[in-house]
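In my numbering, the protein residues as written are 5 to 201.
Ideal Cβ positions, reconstructed from N, Cα and C, are used throughout, including at glycine.
All values reported here derive from a predicted model rather than from experimental measurement.
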Amino acid sequence: MTDQTPGAANPLRSPAIIALFAITAGVFLWIVLVTAPAFEQAAGVALPDGRIFGYLPSDVAAMHAAVKANPEAAVIANRLYRTLEFILPALVALSVSLLAASGFAALIRLGSTMSVPLTRIISGAISVPYLVIDLRENGLAQALFSAQSLAGDVPVGIARMLPAFTAWKFATLGAALLVVIAIWFQVALRARRQAGK
Numbered sequence: 005m006t007d008q009t010p011g012a013a014n015p016l017r018s019p020a021i022i023a024l025f026a027i028t029a030g031v032f033l034w035i036v037l038v039t040a041p042a043f044e045q046a047a048g049v050a051l052p053d054g055r056i057f058g059y060l061p062s063d064v065a066a067m068h069a070a071v072k073a074n075p076e077a078a079v080i081a082n083r084l085y086r087t088l089e090f091i092l093p094a095l096v097a098l099s100v101s102l103l104a105a106s107g108f109a110a111l112i113r114l115g116s117t118m119s120v121p122l123t124r125i126i127s128g129a130i131s132v133p134y135l136v137i138d139l140r141e142n143g144l145a146q147a148l149f150s151a152q153s154l155a156g157d158v159p160v161g162i163a164r165m166l167p168a169f170t171a172w173k174f175a176t177l178g179a180a181l182l183v184v185i186a187i188w189f190q191v192a193l194r195a196r197r198q199a200g201k
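Structure below.
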């Protein structure tokens, strides 16, 4: 197949896709290097997204109490979860799907007989669980740090659910990335076999 074959073009060569990756990286780095440290300095605790190795409902209660005692931290958290934390999951999901689509396109160019419609379905679907769970997690965090929540005790339901959604978010994103790595590993193997002929 040639580059002109439908479905075989490499989307990573598109300036729009390169811009998407750059924007995704920029938003992520802004959160990690600017917003998260500012929140941690104000509240004395890390954001839920910064707890990669998990946390407990008691940690959620501690976060809630810390933010309740620090109005500046509440402002930072509310701004973050109403803006960037609702933008970033969509950017990440789209980026991962496009990396998968690009890998499938490379496989097709290298002679794979995979169905183009099937590769498109897989590429679009692998990020959906992550996207849904991350958006739900961010909604819970926004509710946790809302003025109504901070006016009283930590909401028990949120304290129980938030750690689980954070864990599921990282698990589903990790699974999607493993699929992408597997696709590109197959690309490398097929390219090496063809180069050795």
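Contact annotation: Ala104 and Ile80 have beta-carbon atoms that are not nearer than 9 Å. Contact check for Phe174 against Ile56 passes: the beta carbons are separated by less than 9 Å. In the displayed model, Gly58 falls within coil according to three-state DSSP, outside both helix and strand. Take the alpha-carbon of Leu88 and the one of Ser119: they are about 36 Å apart.
Leaving aside the five residues that flank Leu84 on each side, the residues in its chain whose CB is nearer than 6 Å to its CB run, in chain order, Thr39.
Residue state for Thr176 is assigned as helix, using DSSP reduced to three classes. With fewer than 16 other Cβ atoms from the protein chains shown falling within 10 Å of its own Cβ, Thr117 counts as exposed.
The closest CA to that of Ala20, considering only Pro61, Ala110, Ala42 and Leu102, is found on Leu102.
Looking at the backbone, the Cα of Pro93 and that of Asp63 are separated by about 23 Å. Using a C-beta cut-off of 8 Å, the stretch 34 to 53 makes contact with the stretch 61 to 78, since at least three inter-stretch Cβ pairs fall below that distance. Here the alpha carbon of Ala151 sits roughly 23 Å from the alpha carbon of Leu60. Only residues of its own chain outside the window of five on either side were considered, and among them none has a CB closer than 7 Å to the CB of Ala186.
If you look at Ser150, you'll find it isn't in any alpha helix (DSSP H); DSSP assigns it neither H nor E.
The beta carbons of Asp138 and Val96 sit closer together than 9 Å. When the alpha-carbon of Gly143 is set against those of Ile27, Asp157 and Pro167, the nearest one is in Pro167. For Gly128, the enclosing alpha helix (DSSP H) starts and ends at Val120 to Ala129. In the DSSP assignment, Pro159 falls outside any alpha helix (DSSP H), carrying neither H nor E. The closest CA to that of Val100, considering only Leu193, Arg194, Val191 and Leu16, is found on Leu16.
Within the same chain, Ser101 come within 7 Å of Gly128 by CB-CB distance, once the 5 residues on both sides are set aside.
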